Amino acid sequence: MKQYIILGILTLIISTIGVFQSNAYGVQDNDHDGVPNDLDQCPHLKEDYLGVVDGCPSKFVPWYDVDSDGIPDDIDVCPTVRETFNKFQDDDGCPDISSYASKETADTDNDGIADFIDSCPTQPETFNGYQDTDGCPDKFTSTLDTDGDGIPDVVDACP
Numbered sequence: 011m012k013q014y015i016i017l018g019i020l021t022l023i024i025s026t027i028g029v030f031q032s033n034a035y036g037v038q039d040n041d042h043d044g045v046p047n048d049l050d051q052c053p054h055l056k057e058d059y060l061g062v063v064d065g066c067p068s069k070f071v072p073w074y075d076v077d078s079d080g081i082p083d084d085i086d087v088c089p090t091v092r093e094t095f096n097k098f099q100d101d102d103g104c105p106d107i108s109s110y111a112s113k114e115t116a117d118t119d120n121d122g123i124a125d126f127i128d129s130c131p132t133q134p135e136t137f138n139g140y141q142d143t144d145g146c147p148d149k150f151t152s153t154l155d156t157d158g159d160g161i162p163d164v165v166d167a168c169p
C-alpha cells in the first residue's frame, strides 16, 4: 500500500512538472500569461491571444523611444539614432544627413549636409526655408523683411 502512495505522489509531481515547465526550468514570466519575459514585449501586461502573440494585449499600442529623441519608435525612421532638431526634416526621427552620404562621410560644420555636397563645408546652413540645401548660411545685403519670416524681401516670393 505504501508503494502505491509513493508511486501516486511521484506521478503527481512528474505530471505537475510537465504542466508547469516554465517554472520548473527557471523561465521568468512576471505577468503569468504564458509568454516568457525574454520574449514578452509587455512583461507587466497579460497577453490576450487575440492577435499576434507578443505578450501584449491586442489593442495595446506601445510607446517606445529607444534613442530618446521624442519621436516614438513606431514612426521613427531611425529608432536607434537621435534626430537633430534644426528645423530641417525634424519629423522623420533621423539626423539630417544627405541620402547621398554614408555614415562615414564628413560633415565639418555639423549642419547635416555632407561636406562633399556642402557649398560651405565650414559654415553651417541657416535653416529658414531659403536655399536650405546648399549648406551655406544665408547672407543678405538687404535686411528689410516686411512679413517677418526671416527671408529678406529682395528674395522672398511672398514679402
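One point on numbering: in our numbering, the residue at position 142 of the sequence shown is 152, and numbering is uninterrupted. Glycine included, C-beta positions come from ideal geometry on N, C-alpha and C. Note that the coordinates shown come from a computational prediction; the quantities given were computed from them, not determined experimentally.
query: Who are the Cβ neighbours of D64 in its own chain at under 7 Å, not counting the five residues just before and after it?
result: On the sequence shown, position 54 is the one that residue 64 refers to. Only Q51 meet the Cβ criterion.
Item checked: Chain-order list of residues whose beta-carbon lies under 8 Å from that of N96 (same chain, five-residue window excluded) -> Translated into positions along the sequence shown, residue 96 becomes position 86. Here the set comprises D106, D121, G122 and F137.
Checklist entry - Mapping DSSP to helix, strand and coil, what is G145? => result Looking up residue 145 in the sequence shown gives position 135. In the three-state reduction of the DSSP assignment, G145 falls in the coil class.
Problem - Span separating the alpha-carbon of G103 from that of D86 - result: In the sequence shown, the residue the question calls residue 103 occupies position 93. In the sequence shown, the residue the question calls residue 86 occupies position 76. Spanning the two alpha carbons is a distance of roughly 5 Å.
On the criterion of 16 or more Cβ atoms from any shown chain inside 10 Å, does A116 qualify as buried, or is it exposed?
As a first step, residue 116 is located in the sequence shown; it is residue number 106 there, counting from the start. Looking at its Cβ environment, which holds fewer than 16 other Cβ atoms inside 10 Å, A116 is exposed.
DSSP-derived helix/strand/coil call for I127: Taking the sequence shown and counting its residues from 1, the one referred to as residue 127 is at position 117. DSSP places I127 in coil when its eight states are reduced to three.
* Asked: Where P169 and T153 are concerned, what is the direct C-alpha to C-alpha distance, given to the nearest angstrom?
  -> As a first step, residue 169 is located in the sequence shown; it is residue number 159 there, counting from the start. As a first step, residue 153 is located in the sequence shown; it is residue number 143 there, counting from the start. Each residue's alpha carbon lies about 12 Å from the other.
**Asked** If we ignore side chains and look at the alpha-carbon of each, how far apart do G171 and G36 end up?
**Response** Residue 171 is absent from the structure shown; the chain starts at 11 and stops at 169.
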